[in-house]
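Presented below is the structure to which this report refers.
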Amino acid sequence: MVPAAARLDLFVYHDVYICEKQRCCAHHFIGFHLVPDQTIDTSHYESASLTTVEVTQLVMDLKDEIKRRRSQPHLSLENLLDDGELKDWTGWNRSDLISMLDIIIGPYVKIVTAALNCFRPPIFKSSDPQKEEKLARIIKARVKANNHLQTSVEKKPLNSRCKWEQIDETQIDFPRMTEDELRELCFGVYQIKQARTYAEAHLNKNDGDYQLEVTKHSDTIIRCKIDSRHSGTTQYFCWIEYTMEDVCSFDSDSDDDDDLLAAKFYEKQPIKAWYCQYTSGARTCGCCSHIACVIWERYRKSLTNIEVD
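Here our numbering is used: the first residue of the sequence shown is 11, the next is one more, and so on.
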């Protein structure tokens, strides 16, 4: 019998509809699907009438096929064929086939890449190579840094036993950051764009306010409850450590090692540390959108005419 999946393949790829209980040679199939690029002779066919049930089932099958195609690439061997079916079709097991493709395609990729590097202009032209090299070294050092605020939250003194008190936003001072400080904190404008849109959505949902909290253990750390950017029913706590003292200018030597360079860079930042319960909220290189959203809202009135587009 022709499997239902193969009948649908014929209908989608070859505009041929086969009624149920039709027979066909097994070598035309891989599992329940039609062999890709199979040649179909459509010179001989018969007319047939479909019942309401058959038409309804066909429409439902097509809808399922559309959903499947949206969720995976067309003819993706990884998702379409299991190891046995792949070997039946190609004569290779999966690991050998991937190795063979690497051997065949790999050299051509290297040749094309070398040609592009040699003859095409750079995709990005640096306006200040020395500054950008320092920034790259800072990012490299920060990726490996530990999040000390996360440690304080999960252990002591800011663990679950710590008492937090909700306050009005007018009762707390917060750094008035410059445009450069904002961009440097986020390492670019992507999180700024996310934060601006996300803040508007959060404030509209929560009557234009955040839940800000402070603790007696520190006068430079705030905690904020914020809606998840990905789920309307999930909320996260965000912790932000800051300073109201005048920050020093970023004066570094190119001979500084990466860790010292990063330390000097963050000495001038008014935001000292951050931690969010979101999956990527503990990262020390840049911050997640939830943290960026809280910071954006706290000082947005002092940021005028920022261009992030």
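Just so it is clear, CB atoms sit at the ideal spot from N, CA and C, and this is done for glycine as well.
Ranked by how close their Cα comes to the Cα of T294, the residues H300, A302, W284 have W284 in first place.
Judged by DSSP in its simplified three-state form, Q32 adopts coil rather than helix or strand.
With a threshold of 16 other beta carbon atoms within 10 Å, P280 meets it and is buried. Counting every other CB atom within 10 Å of its CB across the protein chains shown gives Y220 a total of 16 or more, marking it as buried. Bounds of the alpha helix (DSSP H) holding I113 are 104-129. Comparing alpha carbon positions, the residue from A146, T253, T161 closest to D183 is T253. Pairwise C-beta distances place the region 233-252 out of contact with the region 122-133, as fewer than three of them are shorter than 8 angstroms.
Nearest to V12 by C-alpha distance, out of C34, E179, K235, is C34.
At a Cβ-Cβ threshold of 9 angstroms, D268 and R193 do not count as neighbours. Looking at the DSSP output, A283 bridges to E251. Per DSSP, reduced to three states, the secondary structure at C234 is strand.
For the 9 angstroms CB-CB criterion, T225 and E143 do not form a contact. Counted as a single uninterrupted DSSP element, the stretch harbouring I149 is not any beta strand (DSSP E) but the alpha helix (DSSP H) occupying residues 139-153.
Taking the CA atoms as reference points, H158 sits about 10 angstroms from K165. The beta carbon of Y27 sits closer than 6 angstroms to those of F21, all from its chain and outside the five residues before and after it, given in chain order.
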